[in-house]
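In the working numbering, the protein residues as written are 432 to 633.
The next block holds one structure in the form of structure tokens; read it before the comments.
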Amino acid sequence: MRKLRPRRSAEETRRDILAMTERLFRARGFGSVSIADIAGALNMSPANVFKHFHSKNALVDAIFLQQIRLLEQKLDPLDATHPPFERLSHLARSLMENHRRDLNDNPYIFEMILMTAKRELACGRYYENVITDLLAAIITDGIADGIYAQTDVDASARTALMALTSVLHPALIAHEDVDILATRSQELARLVDCALRYGIAK
Numbered sequence: 432m433r434k435l436r437p438r439r440s441a442e443e444t445r446r447d448i449l450a451m452t453e454r455l456f457r458a459r460g461f462g463s464v465s466i467a468d469i470a471g472a473l474n475m476s477p478a479n480v481f482k483h484f485h486s487k488n489a490l491v492d493a494i495f496l497q498q499i500r501l502l503e504q505k506l507d508p509l510d511a512t513h514p515p516f517e518r519l520s521h522l523a524r525s526l527m528e529n530h531r532r533d534l535n536d537n538p539y540i541f542e543m544i545l546m547t548a549k550r551e552l553a554c555g556r557y558y559e560n561v562i563t564d565l566l567a568a569i570i571t572d573g574i575a576d577g578i579y580a581q582t583d584v585d586a587s588a589r590t591a592l593m594a595l596t597s598v599l600h601p602a603l604i605a606h607e608d609v610d611i612l613a614t615r616s617q618e619l620a621r622l623v624d625c626a627l628r629y630g631i632a633k
């Protein structure tokens, strides 16, 4: 009598699918892996993969969300005992170094980003909200300490994130020298700091 495998929960199946997807992307590249390949590697039907992830882009979204949550755990932002500029500079450099390290360790990430760039993925909004919240905390403390001018904190935090994009977006940092990126992140943090201190003429 054939022994039946224990039934796995939906969450366990999702984790298995994501783990195998990352493994295949890393080994063969994003563009070379299909849903059928992922299903075959897990000895399940493509329909079962589609049951949990409706498309390859949905898999990409889930993988990036996992990585952003890991990033949240790894980041160690400076607290309010440090000057706002120091906190901005530290955050920008830490994010840049983390993103660059991820690209070096997992080249398939760059391919995934390029091939899904025109898609509206939930991971992009989640990342933006995570970093905006960190920037908003710095701005709020800077205002409370009388260092920064009164401002719409949320709008200023989102503008600051846009200003830092050139040292955070994988497509813009993948092939750039790390020392140049470190200098650029410092300069951009200084620019944001000055704008928050003195405002921008209208």
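Built from N, CA and C at the ideal position, the CB exists for glycine as well.
Host alpha helix (DSSP H) of residue i (start-end)
i, result
"Met451", "441-459"
"Ala626", "609-629"
"Gly573", "553-575"
"Asp585", "584-595"
"Ala602", "601-604"
Spatially closest choice to residue i from the options, by CA coordinates
i, options, result
"Glu528", "Ile604, Ser440, Leu449", "Ile604"
"Ala493", "Glu618, Cys625, Glu607, Cys554", "Cys554"
"Gln504", "Leu526, Thr614, Phe484", "Leu526"
"Arg635", "Asn535, Leu509, Pro538", "Because residue 635 is not part of the residues shown, which for the chain are 432 to 633, the question remains open."
"Ala441", "Phe481, Arg457, Gly462, Phe461", "Phe481"
"Gly462", "Leu552, Gly630, Thr614, Phe541", "Phe541"
"Arg439", "Glu453, Thr452, Ala567, Asn479", "Asn479"
"Asp536", "Tyr629, Gly630, Glu443, Glu453", "Glu453"
"Tyr629", "Ile611, Gly577, Lys549, Glu607", "Gly577"
"Gly460", "Met546, Leu552, Leu502", "Met546"
Test item: CB-CB of residue i and residue j under 8 Å
i, j, result
"Val598", "Ser616", "yes"
"Tyr579", "Ile570", "yes"
"Ile499", "Ile469", "no"
"Glu511", "Asp572", "Reading off the sequence shown, one finds Ala at residue 511, where the question assumed Glu. Contact flag set, yes."
"Leu519", "Val609", "no"
"Ala472", "Leu455", "yes"
"Ile544", "Pro601", "yes"
"Arg457", "Tyr539", "yes"
Given 8 Å as the limit, is there contact between the region 512-519 and the region 483-498, that is, 3 or more CB pairs closer than that?
No: fewer than three Cβ pairs fall under 8 Å.
Whole alpha helix (DSSP H) elements within the region 466-548, 4-residue minimum:
If only uninterrupted alpha helix (DSSP H) runs of at least 4 residues are considered, those enclosed by the region 466-548 are 466-472, 477-483, 487-505, 515-536, 539-546.
Pair every Cβ in the region 583-599 with every Cβ in the region 556-570, then say whether three or more of these pairs are closer than 8 Å.
A contact exists between the region 583-599 and the region 556-570.
Specify whether the region 569-584 and the region 528-537 touch according to this definition: at least 3 beta carbon pairs, one from each stretch, less than 8 Å apart.
In short, these stretches do not touch, since the Cβ pair count stays below three.
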